[in-house]
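Working notes, beginning with the structure itself.
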Amino acid sequence: MTLLSNSAKETSFQLVDFSDQKNVFYSPNRYRVLFESPFLNMGDIFIYDFFDLAGDSLSAFDEKVRHWSGINADSSFLQSVLLLSPLDGKPHNRAVLTIWSTNKSDQVTLDTHDLKKTLEPYVNHNYFRTTYKVLL
């Protein structure tokens with residue numbers, strides 16, 4: 002488990018469990034992993050991008066995330082990419098979790114900008130991004 006602090010609000014936290022094991026914590030936010038990069042490593046910055054998509058754009062969106070992950074596999078700052086489908090009964094929603102190492106925050110900014118540019122055609126009024134820093 003990893004404890005995260007929202008970088009915009011110092012009183013907002015998130016506990017992330019990657020184990021897929023039962024635990025004592027309850028969360029209404031559960032996800033099915035649709036894709037995970039072959040280079041899964043932990044970093045100190047977690048960036049979530051949330052999308053509400055049209056049904057006919059799901060396959061193209063998923064492929065763009067996979068492609069972006071592949072071309073950024075050499076990045077020393079990008080540690081992991083996960084494409085997630087929320088288990089909340091909304092099959093057209095997607096979340097992209099990117100995990101970063103902040104050795105050089107300028108490069109992280111450039112790389113995340115590239116992801117936003119890649120996924121820009123899918124941004125609508127329901128899109129939002131949130132950034133967390135690892136506490137524990």
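Count along the sequence shown starting at 1, add 1, and that's the number in the numbering used here. A virtual CB, placed ideally from N, CA and C, is assigned to each residue, including glycine.
### Message
Am I right that F129 and F51 are in contact with their C-beta atoms under 8 Å? What's the rounded C-beta distance?
### Response
With a Cβ gap of about 5 Å, F129 and F51 count as contacting.
### Query
Cα separation between Y32 and H93?
Each residue's Cα considered, the two are about 13 Å apart.
### Task
Taking H114 as the reference, give the member of N127, N125, T99, H126 with the closest Cα.
T99
### Query
Which partner residues of N127 appear in the DSSP bridge assignment?
Beta-bridge pairing links N127 to no other residue.
### Query
Is it the case that the Cβ atoms of R67 and L54 are separated by a distance below 9 Å?
Taking 9 Å as the Cβ cut-off, R67 and L54 do not qualify as a contacting pair.
### Task
Take the Cβ of S77 as the centre, count every other Cβ of all protein chains shown within 10 Å, and call the residue buried at 16 or more, exposed below.
exposed
### Task
Look at the alpha carbon of A74 and the alpha carbon of L59, and state the distance between them as a whole number of angstroms.
23 Å
### Query
So, using beta-carbon positions, are D57 and L35 closer together than 9 Å?
With respect to L35, D57 sits apart: the two C-beta atoms are not nearer than 9 Å.
### Task
Report buried or exposed for V124, applying the criterion of at least 16 other Cβ atoms within 10 angstroms of its Cβ.
exposed
### Query
Can you tell which of K134, G71, Y49, M43 has the C-alpha that lies nearest to the C-alpha of P1?
Any question about residue 1 goes unanswered here, given that the chain covers just 2 to 137.
### Query
Nearest-angstrom Cα distance between K134 and D45?
6 Å
### Query
Going by other Cβ atoms of all chains shown within 10 Å of its Cβ, with 16 needed for buried, is L116 buried or exposed?
buried
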